[in-house]
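Quick note, the working numbering runs 379 ahead of the 1-based positions in the sequence shown. Here's the structure we're looking at; comments come further down.
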Amino acid sequence: MSRPAPSVFGRDAALRAIRESFVKLDPRLVARNPVMFVVEVGCVVTTALWVRDLAATAPDTPLWFSGLVTLWLWFTVLFANFAEAVAEGRGRAQAEALRKTRRDTTARRLVGGVSGGREEEVPASVLRRGDVVVVVAGMTIPGDGDVVEGIASVDESAITGESAPVIRESGGDRSAVTGGTRVLSDRILVRISADPGQSFLDRMIALVEGAARQKTPNEIALHILLVGLTIVFLFVCVTLVPFAIYSGAPISTIAVVALLVCLIPTTIGGLLSAIGIAGMDRLLAKNVVATSGRAVEAAGDVDTLLLDKTGTITLGNRMAVELLPLPGVDVTELAAAAGIASAADETPEGRSIVALVTKMFPAAAAADLRGAVFVPFTAQTRMSGCDIHDRVLRKGAVDAVRRHVATLGGNAPASLGEIADRIGDQGGTPLAVCDGTRALGVIHLKDIVKTGIRERFSRFRAMGIRTVMVTGDNPRTAAVIAREAGVDDFLAEATPERKLELIRAEQAKGKLVAMTGDGTNDAPALAQADVGVAMNTGTQAAKEAGNMVDLDSDPTKLLEIVEVGKQLLMTRGSLTTFSISNDVAKYFAILPALFAIAFPEISPLNVMGLASPLSAILSAVIFNALIIVVLIPLALRGVKYRPLGAAALFRRSMLIYGLGGIVAPFAGIKLIDMGLAAVGLV
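Encoded structure:
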C-alpha cells in the first residue's frame, strides 16, 4: 500500500519551507553547495556595493539597477533553499508521528532471565541490544527485535500504512518485529536487536527528514563538473573586466557579479539536493525505506534483476486449471470425486479444486456429505480424501495414489502416468484421483503467472535489464514458467550458495545486481547484491543485510524500486542538460547587448534586440531566479519515466531539455526585457 505524497505546496508546508529558506542562508550550510555558495558571496558583494552607492553622490551604476540586481540575486539563493526545504519537509509530519511513538513508549523489561525473571517498567529509549521485554495485547513494541517466546497478532499500520494485522511468532521467518508497532492479541517476549539511535524507527526518521542522505558517486561527479564550470565562467567574467576597460566600455562590479551568477550552472546547482531528497521520498511514498541515496541510485543503474518465482512472478499458490479423466471415465464422475475428496481441504490447492468443480460441473459439486469421514493430508501418505458411503476417495501424488490403488487390490492404467508426464512437461503439478480400486484421472495444478508480469519484463528488456527467475523447482518446471513469464533466464533448484554464486558471477562481469529476500538464508545474497531489498515481514538478519526494506513485504516492489531509481537518474540528467544549455544560451543572449555600444559591429548578433546593457543583465538575473521556481515541481515530481533504450533516452533528453534549455532563455529574457521597458525602468 503506497501512501500519497504530501502536497508540495500546501499552506503549512510552504510556510515551513519559506522559514527554512532563510535559515539555510547560514554560510556553513550553503557551503555544502559550491555553486550556490558562489551566488551567496555575490549577493554579499552586490549588497555592500549597493549600500556604498546609497551614500555616494555619483554612483557608478543607477541605484535602481544595483538594488534590483541585489534583490534578485538574494531571491536566487532563497529559491534554491526553498526547493531543498520543500523536498526535506514532505516527510516531516510522518517523522514527527514516528518520533512521538518512540518518545511516548514504555517497556516492561525482564530482569533475571527469560524464565522466572521479574518485570520492570522503563522508557523505551533506555533499552539496549539483548534486553528482553514483555509485550501484551494493547501495548506498543518498544524497539526492533525478535520474538523469542509466544505468538501474537501485530498491527504494523503505523509503519507500513497497511491496516491488516500480521502474525509474529518465535522461530522461523516471522519472528522479526519493528519498534512502534502494536500487539493486538496474546503475549510475546521480544529480544531487542538494536541500540538506541540505531533502530529501524530511528533510521526511518532520519531518512524522511533528509538528515542521513549521503551524496551518491554520480552526484559527487556532477558536483565536480559544476564546480569546474563555475571556475571556468569565473575566469571568463574576470577577464571581461580588463577587456572592457581596454575597449572603452568599462563594466561595473555589480554587472560582473550578475553576469557570473547568470552564467554559472545555478539552475541545477539550486535543484540538485532537492532532486536527491525527492527521489528517496518517492521511494518512501511506496513504503520502501532506503538506508542511503546510494541504494536508490544503484537501483537506477541495475543491469540484472533476481526475482523469486513464488509470490513475485506467480501468485504464490498452485491452482487447479483442468480435470483430465482416464479413458472410459466420464469427466463428471472425476469432477464429483475430486470435489468430495477436496471438500475439507483448506489448502489453497484444495480450495481451488472445489472452486473449479463448482464452476465447471455444478451438478457434480452438489454432493451429500452427511456421514463423511475426511482424511487429512500427511507427509507419509502424500494424499488426502474422504470415506463416504463405502467409497474410499483419494487425491494426491501420482505414485502415492498408484500404491494406494494397488494396496486395495486394483491396478492403475499406464495412461495415468502418461497424463501426469504431459502435465509435468507443461510445468504443472499432477494430482491423481481414485475411487477405491479405480483410478479416475488427474487434476492439473498450475503456477499462475501474475497478470501483466510479462509486459513488465518486456519493459525492463527494452532498458537493457536482464531478468532472472530464482526458484526451487526442477529445471523442467522452471523452464516452462520462465518461458510463460517472459524472463530472460532462470536459476532452478536454487540454494543460498547458488544464489550467491550467481550474483558474484554477474558482478564479475561489471554488472549491478538487485534482488529481494525475507529469510535468514537470503541474508548472504542480499548483502552481496548491489540493491538488496529485504521484506519487513522477514528476519532481522535479512533486514540488516539489505540496503532497502519494503514495508509492504511485496516482492514485486523491486520492479517499482528500479523505476524510481531510473527516474532519479533521468531527472538529474535532464535538468543538468537543461541547466548547461540554459547557461550557454544566456551567454550568447547577454554579451552582444553588453558590448553593442562599444562595438557597433557586433550589433547584428543582438538578435533579441534588448533595450540596453543594463536591461540585458537585469533581465537575465530575473530569469535566472524565476527558472528555479518553475522547475521546483519537476525536480520534486521527477521526469516521467519511460522504458526506452539509452540512445532513445539521450535523444529525447537532448530534444526536450537540451533544445528547451537553449530556447527558454531567449524567450524568457526577451519577455522580461519588454516588461522592464514597459514600466520605464530601461
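C-beta atoms are modelled at their ideal positions from N, C-alpha and C, and glycine is treated no differently.
Note that the C-beta distance between Val708 and Leu819 is below 8 Å.
Closest in alpha carbon position to Met914, among Leu686, Asp778 and Asp432, is Leu686.
The DSSP-derived three-state label of Ile603 is helix. For Ile1011, the uninterrupted alpha helix (DSSP H) segment begins and ends at Pro992 to Arg1016. Nearest C-alpha to Asn926 among Val733, Ala811, Gly491 and Gly896: Gly896. By the neighbour-count criterion, in which 16 or more other beta carbons inside 10 Å mark a residue as buried, His783 falls on the buried side. No Cβ-Cβ contact shorter than 8 Å links Val859 with Gly789. Judged by DSSP in its simplified three-state form, Gly524 adopts strand. For Asp826, same chain residues with a beta-carbon under 6 Å away, outside a window of 5 residues either side, are Thr693, Arg697 and Ile860 in chain order.
Here Asn460 is buried, its C-beta having at least 16 other C-beta atoms within 10 Å. In this structure the segment 514–527 lies against the segment 553–568, because at least three pairs of beta carbons, one per stretch, are closer than 8 Å. A straight-line Cα-Cα distance of about 34 Å links Ala486 and Lys936. The shortest C-alpha to C-alpha distance from Arg862 to any of Cys641, Glu876, Val828 and Lys888 is the one to Val828. In the displayed model, Val505 falls within a helix according to three-state DSSP. Distances from the alpha-carbon of Gly658 to those of Val941, Ile567, Leu984 and Ala1043 put Val941 closest. Spatial neighbours of Arg835 in its own chain (CB-CB distance under 6 Å, excluding positions within 5 residues in sequence) are listed in chain order as Leu938. Check the Cα spacing between Asn412 and each of Arg673, Phe458 and Ser652: the tightest is with Ser652.
Proximity to Thr760 across Leu748, Gly775, Arg749 and Val771 peaks at Gly775, based on C-alpha coordinates.
Looking only at Met848, Gly649 and Phe614, the smallest Cα-Cα distance to Lys403 is reached by Gly649. DSSP places Glu728 in the helix class (H, G or I) of the three-state scheme.
For Glu498, the pairing in a beta bridge is given by DSSP as Leu489.
Judged by beta-carbon spacing, Arg773 lies within the 8 Å limit of Ala720, meaning their Cβ atoms are closer than that value. Phe1045 is the residue among Val513, Asp931 and Phe1045 whose C-alpha sits nearest the C-alpha of Phe1002.
Just measuring C-alpha positions, the residue of Thr830, Ser1032, Val667 and Gly851 sitting nearest Ser932 is Val667. Among the bridge pairs identified by DSSP, Ala555 is matched with Asp525. Counting only runs that start and end inside the segment 620–703, the alpha helix (DSSP H) elements of at least 4 residues fall at 632–642, 645–664 and 672–679. Per DSSP, reduced to three states, the secondary structure at Val456 is helical. Membership of Asp1052 in any beta strand (DSSP E) is not indicated; the residue belongs instead to the alpha helix (DSSP H) covering Leu1038 to Ala1057. Between Thr683 and Val847 a beta carbon distance of about 6 Å is seen, short of the 8 Å cut, so the two are scored as contacting. If the five residues before and after Phe612 are omitted, its C-beta is found closer than 8 Å to the C-beta atoms of Leu639, Leu642, Ile643 and Asp962, all from its own chain and listed in chain order. For Asp1052 and Ala1004, the gap between their C-alpha atoms comes out near 15 Å. Within the model, the alpha-carbon separation for Gly524 versus Gly898 is close to 15 Å.
Between Ala902 and Ala887, the gap from beta carbon to beta carbon reaches 8 Å or more.
Rounded to whole angstroms, the separation of the alpha carbons of Leu705 and Ser794 is 7 Å. Excluding its 5 nearest sequence neighbours in each direction, Tyr1036 has C-beta neighbours in its own chain below 8 Å: Ser953, Leu954, Thr956, Phe957 and Ser960, listed in chain order.
Using a 10 angstroms sphere on the CB of Pro741, the tally of other CB atoms stays under 16, which defines it as exposed.
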